Amino acid sequence: MNTRFFRFVAMLVALAMFAAACGGGSDADDAANEGGAAASDTADAAAGVDEPDDEGPADDPADTTDTVQTIEDEPEDAGPVVGGTLRYGLEADVNGLNPASSALSAPGLMMGNAVFDTYAVFDEDGNWVPYLAESFTPTDDFMVWTMKLREGIEFHDGTPLNADAVQVNFVTQFADPLVGLAVRPFYNQDNPIEVIDDLTVQYNLLFPNANWPTTQTGQLGMVASPAWIAASLEDPTLNQEPVGAGPFRFDSRSEDSVTRFVRNDTWWNETSEVYLDAVEFVPVTDPDVRNDLLIEGELQAIQTTNPESSAELSATEGLQNILDDSGDETFVMINSASAPFDDIRARQALTFLTPRQDYVDLIGRGISQGADQMFTPSSPYYNPAVEQEADNPDAAMPLVEAYCADNADNCTDGKIDMEFQWSGPSVVQTRIAELFEENWSAGFNVNFQELFQDAHIQEVAFGQYDVVTWRQFGAVNPGDDQVWLSCLTIGGLALNWPRYCDEERDAILADLQLATTVEERQPLLAELTEKMQQDYLYVFLLHTLWHNSFAENVRGVCGHPTPDGAVQRCATNGRTWFNEVWLAE
């Protein structure tokens, strides 16, 4: 009995970290909490959840921030210099660095880029290309994918990266109560993976997916030493000492202080170089302090999503910047599985009463873009027909009156009873709650509930909430965001957080998995964004602006080659790469 109890508690803690890693940990909220879990896209099947208070907008396209995926006007030098240590400031730390079981938030995925490589990566145009893999071959129906590995790759401990190692990694992820939430629903349960030969494995899907390799570009594609995985299952403290096949080897780690990786002199990728002696990752939860450390030279690189920090970095002479607002979104999220919001009239009323423009102005501070949907206006998938409905109390009040006439037990004094929950303590989140309540109170009796982050995430995962602020979506391949929308991810625990099952929406998602071009995806995503608006589950607020800033002497941040000659995407949801990076003298 005790063993089962402790396993359950451990699962809840893991779940809390997983959800936080899916996209929370805003700079503003981390500063208010003096630390905490952070950032985006565990399992890289998605990106995003919780803590929205750090991005900022401008609904006028003339004032918006465009996505920038390169450092402009990098100075010319005589050539790369070998040596030196790059100190990189992160917005938070993570609870472990094991891709098979840890919650790799944006900072965790950043550190993972140093020590692990992935089976596939995204190129400059957002297409998947092989990396550790030599090739991916689907069957005609896209139900089975065969992956062939490159020859001669070894992990840092000398064990071979072969098909058996791939199987160990996958089976461990599949069985894990945390990472498996984003894996199990999409594979053949009886036979998800098969070893074909020493360098070839076969993945057996539950549904056809013509874009399946994109799922192997993040945490699910980070491959670790099978010997280390086995050891870490016996001794979880080893999750802090990762063993991968990447350009840097683990050296030391002091949680919430410094994690250090040193050059892997036997790295397998002969088309690229590792110039740095070491990379040190330093979690600095206060965005102002993080900026100061970069400007003063104590750090050579930082990541931030804080709009005021971004403005300062862009205005500081001598810094090099990458700006990217193509990732996750901030929104109000509504639970459709229980009263009062199992009735669409209540969801509509809350949407119409939300002071979206005030949020955009007061919280966003004019730095990031206001969001109507999952895509920015510069995205080829942006649907101009979808405009976020809000700031319309006249439309809300008849809905409140009609709802209360039919559901008197869920109303008091003619208003709908509801709870608004957030993670804290957080000064900014409390300010957001007061901003919302000022408008919502016209039609709702709003009960506030502020919880510590782990309890907050647990209640959302189990569906024990009415309304929360949240952050997610933003996958490079939009089809990978199905994990947050599919009926398959609703259960006792759910990744479809609003617990809304719509077979029509699932049919759109299924068609999306078979679309391989922008032209094929556009009408499907237009239909999906319209469907999401019509369901009144999300009140979109802001597009996250990820800002990576580098000291004047940092070189080689972009333009990283793959073994087959493609050029990798420069940054994804706040994480960059470390091979090819060097420090000018």
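One rule links them: number in the numbering used here = place in the sequence shown (from 1) + 132.
Heads up, the beta-carbon is just placed ideally off N, CA and C, and yes, glycines get one too.
These numbers were taken from a predicted model, which means no experiment stands behind them.
Rounded C-alpha distance that separates residue i from residue j
i, j, result
"glutamate 717", "valine 214", "10 Å"
"leucine 408", "proline 212", "10 Å"
"threonine 250", "proline 379", "12 Å"
"serine 446", "valine 608", "25 Å"
"phenylalanine 552", "valine 303", "39 Å"
"valine 226", "alanine 683", "25 Å"
"alanine 151", "leucine 620", "Note that alanine 151 scores a pLDDT of 40, beneath 50, so its modelled location is shaky and nothing firm can be said."
"threonine 656", "proline 324", "Checking the displayed sequence, the identity of residue 656 turns out to be leucine instead of threonine. Roughly 28 Å separates the two Cα atoms."
"leucine 333", "leucine 617", "Reading off the sequence, residue 333 comes out as valine, not leucine. Going from the Cα of valine 333 to the Cα of leucine 617 covers about 29 Å."
"leucine 715", "aspartate 456", "24 Å"
"proline 610", "glutamate 662", "15 Å"
"isoleucine 328", "tryptophan 360", "23 Å"
"proline 262", "asparagine 301", "18 Å"
"serine 558", "alanine 565", "11 Å"
"methionine 664", "valine 375", "41 Å"
"tyrosine 513", "isoleucine 640", "15 Å"
"valine 699", "aspartate 493", "38 Å"
"alanine 642", "aspartate 612", "11 Å"
"aspartate 424", "leucine 482", "40 Å"
"alanine 534", "serine 357", "60 Å"
"tryptophan 678", "valine 298", "32 Å"
"valine 464", "glutamate 283", "48 Å"
"leucine 337", "tryptophan 602", "30 Å"
"leucine 293", "tryptophan 399", "12 Å"
"proline 368", "threonine 291", "20 Å"
"glycine 623", "tryptophan 629", "10 Å"
"valine 686", "glycine 697", "23 Å"
"phenylalanine 268", "arginine 479", "44 Å"
For residue i, the three-state DSSP class (helix, strand or coil)
i, result
"leucine 644", "helix"
"leucine 549", "According to the sequence displayed, residue 549 carries aspartate and not leucine. Note: aspartate 549 maps to strand in three-state DSSP."
"threonine 694", "coil"
"tryptophan 629", "coil"
"tyrosine 514", "coil"
"aspartate 523", "coil"
"glutamine 435", "strand"
"arginine 316", "helix"
"glutamate 412", "strand"
"glutamate 582", "strand"
"glutamine 372", "helix"
"valine 671", "strand"
"leucine 620", "helix"
"arginine 637", "helix"
"leucine 229", "coil"
"leucine 531", "helix"
"leucine 310", "coil"
"valine 686", "strand"
"glutamate 717", "coil"
"glutamate 591", "helix"
"alanine 537", "helix"
Residue range of the unbroken beta strand (DSSP E) whose run includes residue i
i, result
"phenylalanine 568", "Here phenylalanine 568 belongs to no beta strand (DSSP E); instead the alpha helix (DSSP H) covers 559-572."
"valine 421", "Careful: valine 421 lies outside any beta strand (DSSP E), inside the alpha helix (DSSP H) at 419-427."
"valine 599", "599-604"
"arginine 395", "390-395"
"tyrosine 335", "332-336"
"phenylalanine 380", "380-386"
"serine 404", "Unbroken run through serine 404: none, as it is neither H nor E."
"tryptophan 678", "678-682"
8 Å Cβ cutoff, residue i in contact with chain D
i, result
"leucine 620", "The displayed structure is made up of one protein chain only, and chain D is not part of it."
Start-to-end residues for the alpha helix (DSSP H) that takes in residue i
i, result
"arginine 707", "Per DSSP, arginine 707 belongs to no alpha helix (DSSP H) and is neither H nor E."
"tryptophan 360", "358-366"
"glutamate 662", "650-667"
Residues that DSSP places opposite residue i in a beta bridge
i, result
"valine 615", "Partner(s): none; valine 615 has no beta bridge."
"glycine 221", "Val414 and Ile434"
"isoleucine 325", "Tyr335"
"cysteine 543", "Ile548"
"glutamine 700", "Asp255"
"asparagine 577", "Asp549"
"tryptophan 554", "Glu582"
"tryptophan 344", "Note: tryptophan 344 sits in no beta bridge, so no partner."
"leucine 352", "None; leucine 352 has no bridge partner."
Report task. Please specify which runs of the beta strand (DSSP E), each continuous and at least 3 residues long, are wholly inside the segment 438-507, giving them in chain order. Result -> List check, beta strand (DSSP E) in window: 452-456 and 461-466.
Query raised in the report: For the segment 234-303, which segments carrying the alpha helix (DSSP H) assignment without a break, of at least 4 residues, lie completely within its bounds, in sequence order?
Result: 238-247, all fully within the segment 234-303.
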